[in-house]
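Below: the structure, in structure tokens.
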Amino acid sequence: MIHFVGAGPGAADLITVRGADLLKKADLVIYAGSLVNPALLHYCKEDCEIHNSASMTMEEVIALMKAGEDAGKTCVRLHTGDPSLYGAHREQMDELDKLGISYDVVPGVSSFSGAAAALCAEYTLPQISQSLIITRMEGRTAVPEGEKLARMASHGCSMVLFLSAGLLEAVREELIAGAYEPDTPAAIVYKATWPDEAVYRCTVGTLAQTAKDKGVNKTALILVGDFLSGPVERSKLYDPAFTHEFRTASE
54 MIHFVGAGPG AADLITVRGA DLLKKADLVI YAGSLVNPAL LHYCKEDCEI
104 HNSASMTMEE VIALMKAGED AGKTCVRLHT GDPSLYGAHR EQMDELDKLG
154 ISYDVVPGVS SFSGAAAALC AEYTLPQISQ SLIITRMEGR TAVPEGEKLA
204 RMASHGCSMV LFLSAGLLEA VREELIAGAY EPDTPAAIVY KATWPDEAVY
254 RCTVGTLAQT AKDKGVNKTA LILVGDFLSG PVERSKLYDP AFTHEFRTAS
304 E
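The numbering of the sequence shown is our numbering, which starts it at 54 and goes up by one.
This is the structure:
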């Protein structure tokens, strides 16, 4: 059994209890060293075999998994954040299927949640935005035609961009070509929840210059939308004049 485990956004104590328990039991851990906080490896037992996959090919990763499986070892493949978002784990599963090796997935806290926490922000606010788009700017890897950033931005809702911190000149142009004004609130969250986390509030129009001024070109999320601005309308959930299943409205 291969366990794909979401490491969480960075802080070593933001891995799930299930994920931490598997790390403690693991005989073999293959972790994404370019993104996963190495402090998470402190959960591992002393004799655990640990490999950093940053410089490895998928074929090399699969070979390690197969060798561990053949030896009867408990193997953890440790991915950053939640594996379902830009985790590149489905292609590994396809190869494991060919080899007849079983696997499961332990979800993790995504960095988009960590970034919102760093800003004390809520993506879904009454009368502002009830939707969140998670996407990225097209770079060396293409995106489907219908998911070009300007098209996604045309909705004008809350947005989080992964893998785009080094492309912010193009990001700015695409966001403005969509539905966002240059003065739309934005934020750059560098290494959300890590010890060296940094938050830079700006606007769509100043994204690129802010990143340049702060020396940020990777390992950061870009947040965009009016959810980042001032006071909001009160929700109905705790409004004394609003009746719902658990409470009758007061006069």
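All C-beta atoms, glycine included, are put in the ideal place defined by N, C-alpha and C. Just so you know, these numbers come straight off a predicted model, no measurement behind them.
Using 10 angstroms around the beta-carbon of residue i, count the other beta-carbons present and answer buried if the total reaches 16, otherwise exposed.
i	result
Met-190	buried
His-132	buried
Glu-227	buried
Met-111	exposed
His-95	exposed
Gly-283	exposed
Arg-193	exposed
Arg-16	Past the boundaries of the shown model lies residue 16; the chain is included only from 54 to 304, so the question cannot be answered.
Arg-225	buried
Pro-179	exposed
Pro-136	buried
Gln-262	exposed
Ala-107	exposed
Cys-128	buried
Glu-144	exposed
Pro-91	exposed
Cys-173	exposed
Ala-120	exposed
Glu-198	exposed
Glu-200	exposed
Glu-122	buried
Met-205	buried
State yes or no: is the C-beta of residue i within less than 7 Å of the C-beta of residue j?
i	j	result
Leu-274	Ser-184	no
Ser-211	Ala-232	no
Val-82	Ala-60	no
Tyr-156	Phe-280	no
Gly-140	Gly-161	no
Ala-65	Leu-93	yes
Lys-265	Gly-219	no
Ala-240	Leu-276	yes
Pro-235	Val-252	no
Val-158	Phe-57	yes
Gly-278	Ser-217	no
His-260	Leu-202	Before going further, note that residue 260 is Leu rather than His in the sequence given. No, the pair does not count as a contact, with Cβ atoms beyond the cut-off.
What are the partner residues of residue i, as DSSP defines its beta bridges?
i	result
Ala-273	Tyr-243
Met-118	Answer is none; Met-118 lacks a bridge partner.
Phe-57	Arg-130, Val-158
Val-213	Ile-187, Leu-276
Pro-238	Thr-256
Asn-105	Tyr-84
Inter-stretch contact (C-beta, 8 Å, three-pair minimum) for the region 95-105 and the region 140-158: no
Continuous alpha helix (DSSP H) assignments of at least 4 residues falling wholly in the region 243-267: 260-267
Residue ranges of each alpha helix (DSSP H) within the region 137-204, 4 or longer: 143-152, 164-172
Check whether the region 158-174 touches the region 241-248, counting contact only when three or more Cβ pairs, one atom from each stretch, lie closer than 8 Å. yes
Is the region 114-122 touching the region 66-73, taking contact as three or more C-beta pairs under 8 Å? no
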